[in-house]
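Trainee: Quick one: this structure, given as structure tokens, is what I'll be asking you about.
In the UniProt record's numbering, the protein residues as written are 1 to 58.
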């Protein structure tokens with residue numbers, strides 16, 4: 001599964017673990033996360049700002 005990193009605080013969204021506190025259970029694909037979702041740690045505006053880690057798919 002893929003991982004995506006916030007360019008500001010380095011928070012990593014990992015599809016295999018999801019983000020349960022944000023309402024995304026383990027296995028939630030990045031494509032299923034709403035486009036207006038922001039970083040839960042620093043508030044980066046939109047998921048388009050996140051960077052796919054090496055080997056991740058967009």
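Each residue gets a CB set at the ideal place from its N, CA and C atoms; glycine is no exception.
Model, not experiment: these values are computed from the prediction.
Restricting to Cα atoms, I'd like to know which of 39, 46 and 54 is closest to residue 10.
Mentor: As a working mapping, residue 10 is identified with position 10 in the chain shown. The shortest Cα separation from residue 10 among 39, 46 and 54 belongs to 39.
Trainee: How far does the beta strand (DSSP E) with residue 14 in it reach, from first residue to last?
Mentor: Within the chain shown, the letter at position 14 stands for residue 14. Taken as a continuous stretch (DSSP letters only), the beta strand (DSSP E) holding residue 14 covers 12-14.
Trainee: Grab me the residues of residue 44's own chain with a C-beta within less than 8 Å of its C-beta, minus the 5 sequence neighbours each way, in chain order.
Mentor: Here residue 44 is taken as the residue at index 44 of the chain shown, counted from 1. Counting only Cβ-Cβ distances below 8 Å, and skipping sequence neighbours, we find 6, 7, 8, 9, 38 and 50.
Trainee: Output the residue ranges of the alpha helix (DSSP H) runs that lie fully inside the UniProt domain "Rubredoxin-like" (1-53) and measure 4 residues or longer, sorted by chain position.
Mentor: Runs found: none.
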